[in-house]
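**Q** The structure follows.
Numbering (this note's numbering), first residue to last: 42 to 506.
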């Protein structure tokens, strides 16, 4: 049996913060005063496991409330027991403690992660200011990057250790499409939904896509869900995306400016730029991407094969930090906090009000309506391999892939579902079953077991042309 551990505060210590991870830990007494429970004859902490668990709680409290005065004010207002229950509801503390005991030595502690300043990257970004990377022993430098081609090139050139990706990008890179071939992986999906088709305010009378012939529409990258969803939506409405409209690649931060200048008629892009167009009164939200495919993947957290092989323990630590952030981001109750955390200049550099509308789903649509769509943006991290197969079918449909495609082999190589399930289980969450989940896109069920039949089923595609 483990030797009992009694926690005490040195006589010379300043008034004690019951959740101060930088000093010897003392739990706040049930009477509400800042002294040890043992001073009232209450139970001491009996073993090292209790000490470890309470240290994890203390570390998480400091991460969530880094300003001492704010943290102490919160504790005074709600009490330590309520605070502890709140932490337990947010994160599986016991599982995190167990994971901490299983960690191997980190091969690399200083990491550079690339990101684009969009809400899709919320888990990867918020893990830094909230201390999730630091808790894993990682010193992470977040590098804001101008566009997706640059994200790709910096990963190929090893300027970034891991990155925020568009989820089709690792598939394309692994296949050598649009760049030199490099084996890249999707470790988690960063976000689901969270995109929209936004049109210039002058087109409020053109709500029917059949009226869009001749439009110039922007997407952030060729190998993006934005491109594939826009093409799908247009084609289902009888518009050939290759002949009836112009689709231009435009970096997300430049979309609103191009809309304002009249260079484009609209875009299918990431938030916060759909909401920013409404906020700036230059655009309106025509349709949310979740209305095209509810639960669709968008961005991903990715790493190369080489990084995983050379740094397995570091990769696992990075995985834990991202999953912890993803779990928090998936909780509706934390969305306003997250908007506040990611708004500053070094991250998204956007008005907090814009981010709050996106993340809470209560928003103005630019058409005079206030809409309430709680899952406008979501953060389910599971990299379903059926999602990868769907992306590959669209690459084949629109001519990005020539010839035969081994859909299953590529999906299982790039989308690390087995590793994701393992890390989710270690974190105390119940992993989903299966790998090839079926889903519905604009009323049509996608069967990942029959990808070629799916590709050939569309009236508008390049294969039939």
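A virtual CB, placed ideally from N, CA and C, is assigned to each residue, including glycine.
#1: May I ask you to report which of helix, strand or coil DSSP gives residue 327?
#2: Residue 235 and residue 418 look like a contact to me (Cβ under 8 Å); what is the Cβ gap, rounded to whole Å?
#3: Whether or not the stretch 215-224 and the stretch 320-334 are in contact is what I'm after, with contact meaning three or more pairs of Cβ atoms, one per stretch, closer than 8 Å; do they touch?
#4: Is it the case that the Cβ atoms of residue 160 and residue 364 are separated by a distance below 8 Å?
#5: What's the C-alpha gap between residue 415 and residue 193?
#6: Excluding the 5 residues preceding and the 5 following residue 403 in the sequence, name in chain order all residues of the same chain whose CB lies nearer than 6 Å to its CB.
#7: In the DSSP assignment, find the beta strand (DSSP E) that holds residue 311 and state where it starts and stops.
#8: Comparing C-alpha positions only, which one of 340, 497 and 320 sits nearest to residue 408?
#9: Rounded to a whole number of angstroms, what is the C-alpha to C-alpha distance between residue 257 and residue 283?
#10: Rounded to the nearest angstrom, what separates residue 246 and residue 172 at their Cα positions?
#11: Three or more beta-carbon pairs under 8 Å between the stretch 367-376 and the stretch 236-244, yes or no?
#12: For residue 228 and residue 426, what's the separation of their Cα atoms in angstroms?
#13: Return helix, strand or coil for residue 161, following the three-state DSSP convention.
#14: Would you check if the distance between the CB atom of residue 390 and the CB atom of residue 439 is smaller than 8 Å?
#15: Pair every Cβ in the stretch 174-182 with every Cβ in the stretch 149-157, then say whether three or more of these pairs are closer than 8 Å.
#16: Taking its Cβ as the centre, do 16 or more other Cβ atoms sit within 10 Å of residue 353, making it buried, or is it exposed?
#17: Helix, strand or coil for residue 240, going by three-state DSSP, please let me know.
#18: Could you say which of 344, 187 and 264 lies nearest to residue 292 if we only look at CA atoms?
#19: So residue 248 is in the beta strand (DSSP E); what residue range does that whole segment cover?
#20: My output table needs one value for residue 216: the three-state DSSP class, helix, strand or coil.
#21: Can you tell me the Cβ-Cβ gap for residue 340 and residue 201, rounded? I've got them flagged as a contact below 8 Å.
#22: Span of the beta strand (DSSP E) holding residue 204?
#23: Just to confirm before moving on: does the CB-CB distance between residue 212 and residue 461 stay below 8 Å?
#24: As a quick exercise: from 432, 279 and 310, pick the residue whose alpha carbon is nearest that of residue 289.
#25: With burial defined as no fewer than 16 other Cβ atoms inside 10 Å of the residue's Cβ, what is the status of residue 344: buried or exposed?
#26: Return the CA-CA distance between residue 384 and residue 497, expressed in angstroms with no decimal places.
#27: Which term fits residue 146, buried or exposed, when burial requires 16 or more other beta carbons within 10 angstroms of its beta carbon?
#28: Hey, residue 162 and residue 231: beta-carbon distance below 8 Å or not?
**A** Answer, in terms of the structure:
#1: Taking the chain shown and counting its residues from 1, one reaches residue 327 at position 286. Note: residue 327 maps to strand in three-state DSSP.
#2: For this step, residue 235 is matched to residue 194 along the chain shown. For this step, residue 418 is matched to residue 377 along the chain shown. That pair is a contact at about 4 Å.
#3: Output reads no: the stretch 215-224 does not touch the stretch 320-334.
#4: If you number the chain shown from 1, residue 160 lands on position 119. If you number the chain shown from 1, residue 364 lands on position 323. Going by C-beta atoms, residue 160 is not nearer than 8 Å to residue 364.
#5: As a first step, residue 415 must be located in the chain shown, where it is residue number 374. As a first step, residue 193 must be located in the chain shown, where it is residue number 152. The C-alpha of residue 193 is placed about 32 Å away from the C-alpha of residue 415.
#6: For the purposes of this step, residue 403 is taken as the residue at position 362 of the chain shown. The answer, listed in chain order, is 413.
#7: For the purposes of this step, residue 311 is identified with residue 270 of the chain shown, where counting begins at 1. Taken as a continuous stretch (DSSP letters only), the beta strand (DSSP E) holding residue 311 covers 307-311.
#8: Reading the chain shown from its first residue, position 367 is the one you call residue 408. Cα-wise, what sits closest to residue 408 is 320.
#9: The residue you call residue 257 lines up with position 216 of the chain shown. The residue you call residue 283 lines up with position 242 of the chain shown. Taking the straight line joining both Cα atoms gives about 11 Å.
#10: Mapped onto the chain shown, residue 246 falls at position 205. Mapped onto the chain shown, residue 172 falls at position 131. Using only the alpha carbons, I get a separation of about 48 Å.
#11: Taking 8 Å as the limit for Cβ pairs, the verdict is that the stretch 236-244 does not touch the stretch 367-376.
#12: Walking along the chain shown from the start, residue 228 turns up at place 187. Walking along the chain shown from the start, residue 426 turns up at place 385. Roughly 11 Å between the two C-alpha positions.
#13: Counting from one through the chain shown, the residue named residue 161 turns up at place 120. Residue state, collapsed to three classes: helix.
#14: Mapped onto the chain shown, residue 390 falls at position 349. Mapped onto the chain shown, residue 439 falls at position 398. With contacts defined as CB atoms closer than 8 Å, residue 390 and residue 439 fail to qualify as a contacting pair.
#15: Using a Cβ-Cβ distance cut-off of 8 Å, the stretch 174-182 and the stretch 149-157 are in contact, since at least three pairs of beta carbons, one from each stretch, lie closer than that value.
#16: Here residue 353 refers to the residue found at position 312 of the chain shown. Residue 353 is classed as exposed because its beta carbon has fewer than 16 other beta carbons within 10 Å across all chains shown.
#17: On the chain shown, residue 240 is found 199 positions in, with the first residue counted as 1. For residue 240, the secondary structure class from DSSP, reduced to helix, strand or coil, is strand.
#18: Along the chain shown, one-based indexing puts residue 292 at 251. Considering only 344, 187 and 264, the residue with the shortest C-alpha distance to residue 292 is 187.
#19: Residue 248 sits at position 207 when you count from the first residue of the chain shown. For residue 248, there is no enclosing beta strand (DSSP E), as DSSP marks it with neither H nor E.
#20: Residue numbering aside, residue 216 sits at position 175 when the chain shown is read from its first letter. For residue 216, the secondary structure class from DSSP, reduced to helix, strand or coil, is helix.
#21: For the purposes of this step, residue 340 is taken as residue 299 along the chain shown, with counting starting at 1. For the purposes of this step, residue 201 is taken as residue 160 along the chain shown, with counting starting at 1. The beta-carbon separation of residue 340 and residue 201, rounded to 15 Å, does not stay under the 8 Å limit for a contact.
#22: Here residue 204 refers to the residue found at position 163 when the chain shown is read from its first residue. Per DSSP, residue 204 is one residue of the beta strand (DSSP E) stretching across 203-207.
#23: Mapped onto the chain shown, residue 212 falls at position 171. Mapped onto the chain shown, residue 461 falls at position 420. No; because the gap between Cβ atoms is not below 8 Å, this pair is not in contact.
#24: Counted from its first residue, the chain shown places residue 289 at position 248. Looking at the Cα atoms, 310 is the closest of the given residues.
#25: Along the chain shown, one-based indexing puts residue 344 at 303. Counting Cβ neighbours within 10 Å, residue 344 comes out buried, since at least 16 surround it.
#26: Counted from its first residue, the chain shown places residue 384 at position 343. Counted from its first residue, the chain shown places residue 497 at position 456. Going from the Cα of residue 384 to the Cα of residue 497 covers about 44 Å.
#27: Position 105 of the chain shown, counting from 1, holds the residue named residue 146. Classification of residue 146: exposed, given that the 10 Å Cβ count is below 16.
#28: What you label residue 162 is simply residue 121 of the chain shown in a count that begins at 1. What you label residue 231 is simply residue 190 of the chain shown in a count that begins at 1. Their beta carbons are under 8 Å apart, which means residue 162 touches residue 231 by this criterion.
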